[in-house]
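Colleague:
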Amino acid sequence: MLAELRHKSQITIPKEIITQLGLSEGDKLDISLKDGFICIMPVTVYPKKYLDELRDEIRDVKEKIASGEQPVFDSVDALFEKLEAD
158 MLAELRHKSQ
168 ITIPKEIITQ
178 LGLSEGDKLD
188 ISLKDGFICI
198 MPVTVYPKKY
208 LDELRDEIRD
218 VKEKIASGEQ
228 PVFDSVDALF
238 EKLEAD
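For reference, each letter of the sequence shown is one residue, going 158 to 243 in this note's numbering.
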């Protein structure tokens, strides 16, 4: 598919591609140059507060695992067996 570079360096991504990727207005796209090719990749941007809270939660779980307070499972099946038993 061809796209034309327009005023202010804008291009229109063909609707077929937008539909296949499930993109909509306001979605963020990362644009980079790799080996002479322009790469456009959809990305998800999370608020810093959310990432900080997630980082804190992961740190807390790691501490619980290290202290033995948090059980560790060898498989998802083992986790579900434990949940069903409780």
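In this text, a Cβ means the ideal position worked out from N, Cα and C, and glycines have one as well.
Would DSSP call Q167 helix, strand or coil?
Modeller: Looking at Q167 - three-state DSSP - the assignment turns out to be strand.
Colleague: Hey, Q227 and V233 are a contact pair by Cβ (cut 8 Å); roughly how many whole angstroms apart?
Modeller: About 16 Å; that fails the 8 Å criterion.
Colleague: For V200, does the three-state DSSP call read helix, strand or coil?
Modeller: Strand.
Colleague: With DSSP as the reference, label D213 as helix, strand or coil.
Modeller: In the structure shown, D213 sits in a helix (DSSP, three-state: H, G or I).
Colleague: Could you spell out where the beta strand (DSSP E) holding L186 opens and where it closes?
Modeller: L186 -> beta strand (DSSP E) spans K185 to K191.
Colleague: If the criterion is Cβ atoms closer than 8 Å, does the pair K239 and F230 meet it?
Modeller: Yes, these two residues count as a Cβ contact at 8 Å.
Colleague: Would you identify the three-state DSSP class for F194, choosing helix, strand or coil?
Modeller: Strand.
Colleague: How close, in whole Å, do the beta carbons of L186 and I197 come, if the pair is a contact with beta carbons under 8 Å?
Modeller: Indeed they touch by this definition, with Cβ atoms about 5 Å apart.
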